[in-house]
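Note that the protein sequences, when read in sequence, are chains A and B. Going by the numbering used here, the first residue of the first sequence is number 7, and it counts up by one from there. Going by the numbering used here, the first residue of the second sequence is number 1299, and it counts up by one from there. Think of the CB as a built atom: it goes at the ideal place given N, C-alpha and C, for glycine as much as any other residue.
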Amino acid sequence: MPGYMGFEGRINALRRGPVRERLVEWREMAPILALDGVKRFGPPMLGLGLFLATWQAGHVAYGAFILPSPVQTLQAAFGVLTTSEGWIVLGATVARVVAALAISLLIGGFFGLLAGYSNFGRAMFAPVATILLGIPATAWVILTMIWFGPSHGAILFTISVVTGPMLYIGMVDAVLTRDRRLEEMAAAFGASRWAQFSRVALRQIIATLAPVFGIALALGFKVAIMSELVSNVAGIGAALARSRAHMDIDMALAYVVLAVMGLLVIEHGLIRPMQRRVGAWKRVSG
Amino acid sequence: MSGMTLATISHVYAGRKVLDTVSLVIRPGEMVALVGPSGSGKSTLASIAAGIVKPTKGRILRQYRQHAMVFQQARLLPWANARENIAFPLMLNGLRKREALEKAESVAEKVALLPEDFDKMPGELSGGMRARVAIARALGVAPDFLIFDEPFAALDPALRRRLQDLVLSLGQDRAFGGMFITHDLAEAARLADHIAVLDRQGKGVLGTLTPPGQRGHRSDVDIFDFVQQSLYGDPLLSDLVHVDERAMPLDLVGDAGLGPRRCC
Ligand SMILES: Nc1ncnc2c1ncn2[C@@H]1O[C@H](COP(=O)(O)OP(=O)(O)O)[C@@H](O)[C@H]1O
Ligand SMILES: [Mg+2]
């Protein structure tokens, strides 16, 4: 008999075996499963419930003009999703974030690789990275507004310049923390320097960089909204600015909800699965 | 022909001399055990022999078709299962993935790896199984020169013995010679034809034992005396030790590379 299997292990175990035995097992396991489920999903549900209750209480105390109820807000959010303009607004922000992250991965990643493999490069880029990382995202929003005016390109630049140094640092770290003994192993079997990099080092680098990329993407999303808000270029941020101008709190909150949901979708639909794919072996090998 | 001559090798790591004019001759088909305290530069010498590290000084004469190496702690790719790990060097050599994986399976059987382990990731394999995968990975390229760097050091004695038996049976037809690094003298005695000793300062190979008999049949006591006195330099024992020419710096052996042959 296996020891403690955890929730998924038990569910999977129940899926195997002949039907009759499974039914008996189900009867025996049901209370344990229920308890596991409560243990696993109980605390987050409780937290979410408390949050919504506080929100609702705020709504009751201050009225719909200051704070619409959670239900009203969700309705407004779905309302946005039923219009094509709504999708264009969301799409503009998402497309910008994706494009900017690609740029910063290309540039930050390239310099990170250089610095990871060369002590000289690392020492040279270190102060530059420190300075760039030290500049607050809001400062970049203002600076790029002054330099480029309100434009699509300006926002791309802002997001890239904020996330690029993060990806640079992450890349340097990924290169430095890789297990070089594996490359030695490959070399002993006649691998060229390129083969050592492409077949052995790169796998590890990607696995280490993936979580950093996830953080950069989330940050990029926030910076995009902030830039759009300030520069009034189409997107979630601009929609927020418009709601503020119209004192339309329903709409403002609806876009906030959509932004949060967008982040969740990116996080759980894209980043987490990707991290699982490229990093699964890290957890097994320990 | 599958021998190697390491001639007056010195190596410096970050200003520190790790190997100091070490010479070692491994004749075709011979398995030479290399023993010595930890930090004496055994792994460094192995890396030099395998071509991973270029020595600061010295010459290497290689007389074999293909070498392969089995490392301390297996060094399996953690993202690849057992089969893919064995196939890795084959794919490096340009074999297509399908063929490499097929070949990997047939090699895996030689080291008594069970089919149910083929798909397991390194983290799911026991230490003994990982060592078997590492040996299979080396055998896959059909080497005639094999370098083992303390492959069983972390395993318990019973398991170590079984894996030694495996190495003995694989080497029975003298398909390969090479270098077996260990600090287990009994292991050295079982697996090697000769034993070479590296001392604390990475100073020369002090001597090699050239016992009568074959791999796997030797008195552990003699070897122990030999190593003891090589490492601790008791002059009284020097008569007991047969320091042969393969331990001498190459310029004493002659420039031919392999030095004078004793017999056949
Ligand atoms: N890549 C390296 N860089 C610097 N020093 C090293 C490196 N590899 C080994 N050394 C040093 O060289 C010495 C010999 O190491 P090693 O060859 O691994 O010895 P052994 O295998 O006999 O234990 C040790 O002191 C070790 O710290
Ligand atoms: Mg070592």
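Three-state secondary structure assigned by DSSP to leucine 1534/B
Taking the second sequence and counting its residues from 1, one reaches residue 1534/B at position 236. A caution first: leucine 1534/B carries a pLDDT of 41, below 50, which makes its placement in the model unreliable, though a value can still be read off. Leucine 1534/B: helix per DSSP, three-state reduction.
Query - Rounded separation between proline 1376/B and glutamate 1382/B - CA only - result: Walking along the second sequence from the start, residue 1376/B turns up at place 78. Walking along the second sequence from the start, residue 1382/B turns up at place 84. Their backbone Cα atoms lie some 10 Å apart in a straight line.
**Supposed contact pair arginine 184/A and glutamine 210/A - C-beta distance, whole angstroms, cut 8 Å** = Locating residue 210/A in the first sequence gives position 204, where the first residue counts as 1. Locating residue 184/A in the first sequence gives position 178, where the first residue counts as 1. Right, their Cβ atoms sit about 4 Å apart.
**Study point:** Beta-carbon spacing of isoleucine 165/A, alanine 106/A below 8 Å
**Key:** Stepping through the first sequence from its first residue, residue 165/A is reached at position 159. Stepping through the first sequence from its first residue, residue 106/A is reached at position 100. Going by C-beta atoms, isoleucine 165/A is nearer than 8 Å to alanine 106/A.
### Query
Going straight from the alpha carbon of methionine 130/A to that of isoleucine 113/A, what length do you get?
Indexing the first sequence from 1 puts residue 130/A at position 124. Indexing the first sequence from 1 puts residue 113/A at position 107. Roughly 16 Å between the two C-alpha positions.
Coil, strand or helix - aspartate 1442/B by DSSP
Counting from one through the second sequence, the residue named residue 1442/B turns up at place 144. Coil, per DSSP.
(request) Compute every distance between the C-beta of glutamate 190/A and the non-hydrogen atoms of ligand 2, then say whether any falls below 7 Å. (result) Residue 190/A sits at position 184 when you count from the first residue of the first sequence. No, the beta carbon of glutamate 190/A sits no closer than 7 Å to any heavy atom of ligand 2.
| said: Can you check which of these residues, Gln1370/B, Asp1482/B, Gln1470/B and Leu1390/B, is closest to alanine 1429/B by C-alpha distance? | reply: Locating residue 1429/B in the second sequence gives position 131, where the first residue counts as 1. The residue with the shortest Cα to Cα distance from alanine 1429/B is Gln1370/B.
Quiz item: Mind checking whether the beta-carbon of threonine 214/A lies closer than 7 Å to any heavy atom of ligand 1?
Solution: One-based indexing of the first sequence puts residue 214/A at position 208. The answer is no for threonine 214/A.
message = Since alanine 180/A and threonine 214/A should fall inside the 8 Å C-beta cutoff, what is the C-beta to C-beta distance between them, to a whole number of angstroms?
response = In the first sequence, counting from the first residue as 1, residue 180/A sits at position 174. In the first sequence, counting from the first residue as 1, residue 214/A sits at position 208. With a Cβ gap of about 4 Å, alanine 180/A and threonine 214/A count as contacting.
Length of the line joining the Cα atoms of leucine 1457/B and glycine 1426/B = Position 159 of the second sequence, counted from the start, is the residue given in the question as residue 1457/B. Position 128 of the second sequence, counted from the start, is the residue given in the question as residue 1426/B. Rounded to the nearest angstrom, the two C-alpha atoms are 7 Å apart.
- prompt: Within 7 Å: the Cβ of aspartate 42/A and any heavy atom of ligand 2?
  reply: Residue mapping note: residue 42/A aligns to position 36 of the first sequence, counting from 1. Outside the cutoff, so no.
| said: One question on the structure: do isoleucine 255/A and phenylalanine 71/A come within less than 8 Å of each other, judged by their Cβ atoms? | reply: Numbered from 1 along the first sequence, position 249 holds the residue referred to as residue 255/A. Numbered from 1 along the first sequence, position 65 holds the residue referred to as residue 71/A. Yes, the Cβ-Cβ distance between isoleucine 255/A and phenylalanine 71/A is below 8 Å.
ask   = For aspartate 1537/B and chain A, any beta-carbon pair shorter than 8 Å?
value = Taking the first residue of the second sequence as 1, we reach residue 1537/B at position 239. With a pLDDT of only 42 at aspartate 1537/B, under the threshold of 50, the placement of this residue in the model should not be trusted; the figure read from the coordinates follows. No - not a single Cβ of chain A is within 8 Å of the one on aspartate 1537/B.
CB-CB under 6 Å to glycine 55/A, same chain, minus the five flanking residues each way: which ones, in chain order?
Numbered from 1 along the first sequence, position 49 holds the residue referred to as residue 55/A. Correct list: empty, nothing qualifies.
Is alanine 1456/B near ligand 1 - that is, is its Cβ less than 7 Å away from at least one heavy atom of it? Stepping through the second sequence from its first residue, residue 1456/B is reached at position 158. False, no ligand heavy atom lies under 7 Å from that Cβ.
Item to complete: Would you grab the beta carbon distance between arginine 1363/B and aspartate 1442/B for me? Rounded to a whole angstrom, and I think it's under 8 Å.
Response: Residue mapping note: residue 1363/B aligns to position 65 of the second sequence, counting from 1. Residue mapping note: residue 1442/B aligns to position 144 of the second sequence, counting from 1. Correct: roughly 5 Å between the Cβ atoms.
Glutamine 78/A versus alanine 247/A - alpha carbon distance:
As a position in the first sequence, residue 78/A is number 72, starting the count at 1. As a position in the first sequence, residue 247/A is number 241, starting the count at 1. Roughly 20 Å between the two C-alpha positions.
Task: leucine 264/A burial status per 10 Å Cβ neighbour count (16 or more: buried) - done: For the purposes of this step, residue 264/A is taken as the residue at position 258 of the first sequence. With 16 or more other Cβ atoms within 10 Å, it is buried.
Between tyrosine 115/A and methionine 172/A, which are expected to be in contact by the criterion C-beta below 8 Å, what is the C-beta distance as a whole number of angstroms? Here residue 115/A corresponds to residue number 109 of the first sequence, with the count starting at 1. Here residue 172/A corresponds to residue number 166 of the first sequence, with the count starting at 1. Just to set this straight, residue 115/A is glycine in the shown sequence, not tyrosine. With 8 Å as the limit, glycine 115/A and methionine 172/A do not qualify as a contact, their Cβ atoms being about 11 Å apart.
query = With 16 other CB atoms within 10 Å as the buried threshold, where does arginine 282/A fall?
reply = Sequence index remark: in the first sequence, residue 282/A carries index 276 (1-based). Arginine 282/A comes out exposed.
Do you know offhand how far glutamine 1361/B's Cα is from arginine 1488/B's?
Looking up residue 1361/B in the second sequence gives position 63. Looking up residue 1488/B in the second sequence gives position 190. Approximately 25 Å, taken between the alpha carbons.
**Item:** Coil, strand or helix - serine 1321/B by DSSP
**Value:** By one-based count along the second sequence, residue 1321/B stands at place 23. Strand, per DSSP.
Could you pull the DSSP bridge partners for threonine 1303/B from this structure? Along the second sequence, one-based indexing puts residue 1303/B at 5. Note: threonine 1303/B sits in a beta bridge opposite Val1323/B and Leu1359/B.
Since valine 1320/B and leucine 1444/B should fall inside the 8 Å C-beta cutoff, what is the C-beta to C-beta distance between them, to a whole number of angstroms?
Along the second sequence, read from residue 1 onward, the residue named residue 1320/B stands at position 22. Along the second sequence, read from residue 1 onward, the residue named residue 1444/B stands at position 146. Actually they are not in contact, since the Cβ atoms of valine 1320/B and leucine 1444/B sit about 20 Å apart, beyond 8 Å.
Along chain A, which residues have their Cβ under 8 Å away from the Cβ of arginine 1373/B?
-> Start at 1 with the first residue of the second sequence, and residue 1373/B comes out as number 75. Going along chain A in sequence order, the residues near arginine 1373/B (Cβ under 8 Å) are Arg187, Leu188, Glu190 and Met191.
Range covered by the alpha helix (DSSP H) that runs through methionine 232/A:
The residue you call residue 232/A lines up with position 226 of the first sequence. Counting along the chain, the alpha helix (DSSP H) containing methionine 232/A begins and ends at 208-237.
Inset, instruction - Report yes if the C-beta of tyrosine 123/A is less than 7 Å from at least one heavy atom of ligand 3; otherwise report no. - result: Of the ligands this structure carries, namely ligand 1 and ligand 2, none is ligand 3.
Item to complete: List the residues of chain A whose Cβ lies closer than 8 Å to the Cβ of leucine 1390/B, in chain order.
Response: Within the second sequence, the letter at position 92 stands for residue 1390/B. The contacting residues are Ala192, Phe195, Gly196, Ala197, Ala201 and Arg205.
> Beta-carbon of arginine 250/A versus every beta-carbon of chain B: anything under 8 Å?
Replying inline: Indexing the first sequence from 1 puts residue 250/A at position 244. It does not: the Cβ of arginine 250/A has no partner Cβ on chain B nearer than 8 Å.
- Task: Determine the DSSP secondary structure at lysine 1340/B, reduced to helix, strand or coil.
- Result: By one-based count along the second sequence, residue 1340/B stands at place 42. Looking at lysine 1340/B - three-state DSSP - the assignment turns out to be helix.
* To do: Report the partner residues of arginine 1314/B according to the DSSP bridge assignment.
  => Walking along the second sequence from the start, residue 1314/B turns up at place 16. According to DSSP, arginine 1314/B bridges with Tyr1311/B.
Under three-state DSSP, which class holds leucine 1333/B?
The residue labelled residue 1333/B in the question sits at position 35 within the second sequence. Note that residue 1333/B corresponds to valine in the displayed sequence, not to leucine. DSSP places valine 1333/B in strand when its eight states are reduced to three.
- Query: Cβ of lysine 1340/B versus every heavy atom of ligand 1: is any distance shorter than 7 Å?
  - Reply: Taking the first residue of the second sequence as position 1, residue 1340/B is located at position 42. Checking every heavy atom of ligand 1 against the Cβ of lysine 1340/B, one is found closer than 7 Å.
* Could you check how far apart the C-beta atoms of valine 1439/B and proline 1387/B are, in whole angstroms? I think they sit under 8 Å. => Here the question's residue 1439/B lines up with position 141 in the second sequence. Here the question's residue 1387/B lines up with position 89 in the second sequence. Their Cβ separation, rounded to whole angstroms, is 5 Å, which keeps valine 1439/B and proline 1387/B in contact under 8 Å.
Could you check whether the Cβ of glutamine 1370/B sits closer than 7 Å to any heavy atom belonging to ligand 2?
For this step, residue 1370/B is matched to residue 72 along the second sequence. Yes, since a heavy atom of ligand 2 falls inside the 7 Å radius drawn around the Cβ of glutamine 1370/B.
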